[in-house]
Amino acid sequence: MNRFTIPRDIYFGDNALDILKTLNGNKAAIVIGGGSVKKSGNLERIQGLLLEAGIESKMIEGINTEPTVQMVKEGVKVLNDFQPDWIIGIGGGAAMDAAKAMWVFYEHPDLTFEEAAKPFNLPKLRTKAKYVGIPTTSGSAAEISNLSVITDEKSDIKYPLADFELTPDIAIIDPIMVMSMPKHITAYTGMDALTHSIEAYVAKPRTAFTDVLAIGAAKIIKDNLLASYNGDDHSRKEMHNAQAMAGMAFANAVLGNVHSMAHKSGPIFNIPHGCANAIYLPYVIQFNRTVVADRYAAIARRLDLKGQTNDELIDALISYINQINKEMEIPNTLREYGVSEEKFNQHVDDMAVNAVKDPCTSTNPRETSVEEMKKLYLAAFYGQDVNF
Numbered sequence: 001m002n003r004f005t006i007p008r009d010i011y012f013g014d015n016a017l018d019i020l021k022t023l024n025g026n027k028a029a030i031v032i033g034g035g036s037v038k039k040s041g042n043l044e045r046i047q048g049l050l051l052e053a054g055i056e057s058k059m060i061e062g063i064n065t066e067p068t069v070q071m072v073k074e075g076v077k078v079l080n081d082f083q084p085d086w087i088i089g090i091g092g093g094a095a096m097d098a099a100k101a102m103w104v105f106y107e108h109p110d111l112t113f114e115e116a117a118k119p120f121n122l123p124k125l126r127t128k129a130k131y132v133g134i135p136t137t138s139g140s141a142a143e144i145s146n147l148s149v150i151t152d153e154k155s156d157i158k159y160p161l162a163d164f165e166l167t168p169d170i171a172i173i174d175p176i177m178v179m180s181m182p183k184h185i186t187a188y189t190g191m192d193a194l195t196h197s198i199e200a201y202v203a204k205p206r207t208a209f210t211d212v213l214a215i216g217a218a219k220i221i222k223d224n225l226l227a228s229y230n231g232d233d234h235s236r237k238e239m240h241n242a243q244a245m246a247g248m249a250f251a252n253a254v255l256g257n258v259h260s261m262a263h264k265s266g267p268i269f270n271i272p273h274g275c276a277n278a279i280y281l282p283y284v285i286q287f288n289r290t291v292v293a294d295r296y297a298a299i300a301r302r303l304d305l306k307g308q309t310n311d312e313l314i315d316a317l318i319s320y321i322n323q324i325n326k327e328m329e330i331p332n333t334l335r336e337y338g339v340s341e342e343k344f345n346q347h348v349d350d351m352a353v354n355a356v357k358d359p360c361t362s363t364n365p366r367e368t369s370v371e372e373m374k375k376l377y378l379a380a381f382y383g384q385d386v387n388f
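Per UniProt numbering, the sequence shown starts with residue 1, numbered consecutively.
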């Protein structure tokens, strides 16, 4: 038996934010990252819409880096004092992931982080509050997904909390939230979305439902990412919808080695998540092509890439990813990003061990040993072909 779970309600398109004035409740805790949502005027609009609904709001600010266990604990203190019946995460993946984790420990104060980090093991939520996700970037799909990625600041390891209980009640995908995205954020989050669509399409738990969303999202991303990067408003709207489609796919089909590698190396080398995915994606495709060549070839055909055989189509897919990385000024290797050989060698063994333990590795289409994971990291550092 398969399962397909997405938010109960998804509001998208122009003026989707207006749905906030119809919510039933008394108090809403709003979790945000930096100041961009304030500067744009969108936060004031959101608070005004909540007031129209008769809902008092309180801010939890400063989730402007990868969310940590300490950030979550501090946020839970605010929730315990305020007692909201809505929690609203506004931002990129960091703010929305932090808000989800705060929600978990607000509902279940006696739960330990170690217990919460066990995949698909969370107790029931929604006894105190419901959750709304409002993205300000077009990539993480945290407003759609059943994941919350939190970093243990003591070990620099990311722990994905994964459970269908974390699926938001409402997702609001309003393009006004992304019209002022900086170019580098547009690039990183766009490649995050492309990675979601490709990894979901080849992941072990894929289904007919996730396939259609994954490959459809990949096509929209291919047609709009570069124009979105260059500031085209229509393409930004298209990308905002496509990243949510990719989110619906990966929330149910899960992901693969690209995300495992990014989870375990990003905090160590201070690489933004989407950028890390963009670097690792071509190498992981090379690694997986021995077991899912037909799937990668199908993606390449859908993207209108050239090739007669599966191998030619997969090569074209890898070349496309490398080329679009170049056009958006994303490096193709860790060394090119600025990671020193000394620091890489210091951490690569531990990264390989931890990446194999990551939940995303279990759904990668090709089984991966610690030795193979280390070789993947080495290939991505030096820019070597993956032929093992």
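All C-beta atoms in this analysis are idealised placements derived from N, C-alpha and C, irrespective of residue type, glycine included.
Sorted by chain position, which residues of the same chain lie with C-beta nearer than 7 Å to Met181's C-beta, five sequence neighbours on each side aside?
-> Cβ neighbours of Met181 within its own chain (closer than 7 Å, five residues either side excluded): Thr137.
Considering only residues of the same chain and omitting the five flanking positions on each side of Gln70, which have a CB-CB separation below 7 Å?
-> Glu153
Considering only residues of the same chain and omitting the five flanking positions on each side of Asp169, which have a CB-CB separation below 6 Å?
-> Arg8, Lys130 and Tyr131
Under three-state DSSP, which class holds Ile90?
-> strand
If you draw a straight line from the alpha carbon of Leu194 to that of Lys222, how long is it in whole angstroms?
-> The alpha-carbon atoms of Leu194 and Lys222 are separated by roughly 8 Å.
Report the partner residues of Leu147 according to the DSSP bridge assignment.
-> Ala162
Going along the chain, which residues of its own chain have a beta-carbon closer than 7 Å to the beta-carbon of Gly216, five neighbours each way excluded?
-> Around Gly216: Met245.
Would DSSP call Phe12 helix, strand or coil?
-> strand
Runs of alpha helix (DSSP H) lying entirely within the segment 51-136, each at least 4 residues, in chain order = DSSP assignment within the segment 51-136 yields the following whole alpha helix (DSSP H) runs of 4 residues or more, N-terminal first: 69-82, 93-107 and 113-116.
Residue from Asp294, Ile279, Glu341 and Ser340 whose Cα sits closest to the Cα of Ser319 = Ile279
Cβ-based burial, Asp110 [other Cβ within 10 Å; buried from 16] = exposed
Nearest residue (CA-CA) to Pro359, options Ala251, Asn80, Ala242 and Asp385 | Ala251
Are the Cβ atoms of Leu23 and Lys100 separated by less than 8 Å?
-> no
Euclidean distance between Cα positions of Tyr229 and Ser140 = 16 Å
In whole angstroms, what is the alpha-carbon distance linking Leu17 and Gly92?
-> 16 Å
Quick one, which of Asn146, Asn354, Val284 and Ala298 has its alpha-carbon nearest Ala379's?
-> Val284
Residues that Lys357 bridges to, as DSSP identifies them | None; Lys357 has no bridge partner.
Taking the CB atoms as reference points, tell me whether Ile321 and Ala300 lie closer together than 8 Å.
-> No. Outside cutoff.
Per-residue burial, His234 [other beta carbons within 10 Å of its own, 16 or more giving buried] | exposed
Proximity below 8 Å, CB of Gly256 to CB of Val202 | In contact: Gly256 and Val202 (Cβ atoms closer than 8 Å).
Classify Leu51 as buried or exposed, calling it buried when 16 or more other Cβ atoms lie within 10 Å of its own Cβ.
-> An exposed status is given to Leu51, since fewer than 16 other beta-carbon atoms sit within 10 Å of its beta-carbon.
Have a look at the DSSP bridge pairing and note the partners of Ala28.
-> Ser57 and Trp86
Taking C-beta to C-beta, are Ile176 and Asn42 nearer than 8 Å?
-> yes
Under the three-state DSSP convention, the category Asp18 falls into | helix
Taking only the alpha-carbon atoms, compute the straight-line gap between Asp14 and Val254 and give it to the nearest angstrom.
-> If you take the alpha carbons of Asp14 and Val254, they lie about 29 Å apart.
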